Structures are given as structure tokens and as C-alpha cells.
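Numbering (our numbering), first residue to last: 346 to 735.
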């Protein structure tokens, strides 16, 4: 006898979820770190590279403020707390040993873990709650600095020379994450580090790092439907064109000061009263707020013959007395209409979650990404940052 369709779907969903388990994630993580390079020679191999990597990762998993605090907790619990049980750790190398071994490991060795997690979440149906306009996933880009010093530095540091002769050494990273307007969770994707590039004299920057990420990973994620979110820094023709070439959609903050040509066109449309408007009144629980949406399509992103056309929308929120409490505008490749302008703006505003639910959490909620766990001479700093975002 055949089961009812609803019961069949429930069983299939349970099976899908069962296929993606924490144990399997840890198993894949172990397989990944087993391929880490080991530069040791001779007999100094009492600890495996896996011991060191799992020890380093466990520090962030347990939100320990330092390697020393983690090792102290290990001694107090005799290696029997939850993290050690999960990872099969009973002892870890000393701090200096971990740092020395991990300094040789480029963070790209860890990036397969991000795609494994994404694929597992997608196949198990956990990404369904993140889909938004046009059934796309929203990927928010943002850059954040996680290390700065006037003395400690490595070959991969960015350098800022000051007029007084001092130098600030720093590490920054672009952290793409999947966000959703109604979801307080985010899903981290592969980070891209802002670091000196071989063959380039110019300092690396956030835009260049974002372009590298698009070049390297867009093809992997495009089949799942992706809308890229970002602040005004990303709303430039080179990035927008690169996104379109990769068949990715975008909703990017678009400010007047950095898009003078586009806003000149808007001024002309405004004078002709041809900018479309939608007005809604909302009760917040304390007061009424008035949301005024404006939009226009097919505007040049910049002043050039090869300028790409984008579509523009704006939200201004006011109180009954006329006081403005929110105003922002976005450029997008989606054609904007009265039926979708509200959702497009809502999606565009979700980019703040990359700061609030991702970067600020990593900095302020126990993950301590700005704490100096160790800098190293090569890749230690960026590898440890990658561990925190896994």
C-alpha cells in the first residue's frame, strides 16, 4: 500500500536531513586538514599536522580567548569536555608548535569545507528559508579589518605609511555571507583576503578582493540563483559588469555623491514627474511611519559610452511630523515595478546582516577575531581567521 503523498514527502525530507550530519562535517574537515602541508624534517613529528589543526580550530569552536586558556581548560577537564569529545582530541601541541605548523598552511586549503557545508545545507533543504526575491539566495559582501599593529607584521600584511614615518600593518578580508531579511542566521562562504598580490605594485583593496572572489567562485554558486548585496563601494561598473557576465544578480547601495550621472538623469525625470512612487503607512507598535518608495529603470551607471544601464529604487521612511528616520537607494539589474520595489529594497537592506550577524558577532560574541592569537611570518593570521568563519 502506498503512503499518502504528504507522508512520503516528510520521510524524504527526514532522509535528506539525516544525510547531512555534524559527524559527517567533522569527518570531511578531518579529510581536508589531512592534506595540509607539513614542512617538518627529521624526527620532530610527535604530533601530527591534524593534531595541530584540530587544536587550532577547537580554540575558536569553544570560543576560548587564547590558546593558553584553551590548553588550561584541556588540563582541567583532562580532555573530556564537549569540544575534545567531538574532535577526538585528548592532547594538543604547545602553542608555539601549533603556530609554527599552521604558519605554512595557506587558507585556500580550508576553502573546500565552505562548499561542502553549502552543498549539505542545500541538499538537506536548509537553504530554502534563505531564498528571497526571484527565489534567489542573497550573498552580502563586506570587508573588515581583523588585525592592525605598528610593530608586528608579516609578508602578507597591508602597509599604510604615515607622515610621521610610522607604518601601520594590517590584515583585512572580504567575507561573503548568505543572508535573508527575516532570518537572524547567516551562512559564511569562502573569504577572500585583502593582501599584496604577486606582480602588482599597488596596495590590494576591497574591490579587487571582491573581483577575485567573483572570478573564482561565481561559477560554483550561480546555478543556485544568487543576488549579490553590497554597499556603495561595490556599485561600480567593473564589479557590476563582472557580476552580469557571470549571470549573477545584484542589489547595491547607490549614493548620489558617487553616481553623479545617474542622479542627474533622476533629476531630469523628477522634473518631468516620471519617477514612479509607492507610499505605504505602517504602525510600528509605537507610532505610524510612512514608507515612500521611488524607482526608475534603465539609467546609466556612469558617464561613458559603454556605461551599463541599471535600475534604481529608493526608500524614504518618515514620521508623521515629516522627520526622516531612514533613507537609502539601490541600483539593481532587476527591473523595478510597483509590485516588487518593496521586496527589492528589503533585500538590499539585508546587506547590513553581514556586519551585524557575521563580522560583529565574530569580533564581539566570543570568537575574538581581532585578538592576536598569533601572527606568524606567512599564513597563520589568515588561516586562523578562516577557521573562525567555517
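For each residue, glycine too, the CB sits at the ideal point set by N, CA and C.
Bear in mind the structure is a predicted one, so any value in this text is a computation, not a measurement.
* To do: Below 8 Å CB to CB, which residues in the same chain sit around residue 576 once its five sequence neighbours on both sides are set aside?
  => 487, 597, 598, 696
* To do: Would you check if there are 3 or more beta carbon pairs closer than 8 Å linking the region 645–660 to the region 681–697?
  => yes
* **Rounded straight-line distance, which links the Cα of residue 491 to that of residue 790** => The chain is shown only over 346 to 735; residue 790 falls outside these bounds and no answer can be derived.
* To do: Tell me whether residue 449 is buried or exposed, calling it buried when 16 or more other Cβ atoms sit within 10 Å of its Cβ.
  => buried
* To do: Let me know the secondary structure DSSP gives residue 454 once reduced to three states.
  => helix
* **Span of the beta strand (DSSP E) around residue 733** => Here residue 733 belongs to no beta strand (DSSP E); instead the alpha helix (DSSP H) covers 725–734.
* Rounded to whole angstroms, what's the CA-CA distance from residue 473 to residue 370? Just pull it up for me. => 20 Å
* To do: Can you check DSSP and say which residues form a bridge with residue 575?
  => 597
* **For residue 645: DSSP bridge partner residues** => 654
* If you drop the 5 nearest sequence neighbours on each side, which residues of the same chain put their C-beta closer than 8 Å to that of residue 375? -> 395, 399
* To do: On the DSSP bridge assignment, give the partners of residue 793 in chain order.
  => Residue 793 is absent from the model: the chain starts at 346 and stops at 735.
* Cβ of residue 483 within 9 Å of Cβ of residue 525? -> yes
* Among 578, 454, 506, 667, nearest to residue 601 - alpha-carbon criterion -> 578
* Assigned exposure category for residue 668 - 16 Cβ within 10 Å defines buried -> exposed
* Could you check which residue in 510, 735, 580 has the C-alpha nearest to that of residue 603? => 580
* Between the beta-carbon of residue 451 and the beta-carbon of residue 724, is there less than 9 Å? -> yes
* Asked: For residue 480, which residues from the same chain have a beta carbon less than 8 Å from its beta carbon, with the 5 sequence-adjacent residues on both sides left out?
  -> 570
* Mind checking whether residue 674 and residue 656 have CB atoms under 9 Å apart? -> no
* Continuous beta strand (DSSP E) stretch holding residue 504: start and end -> 503–506
* To do: Thinking residue 558 and residue 519 are a contact (beta carbons under 8 Å), I'd like their distance in whole angstroms, please.
  => 6 Å
* Asked: At which residues does the alpha helix (DSSP H) containing residue 445 begin and terminate?
  -> 440–447
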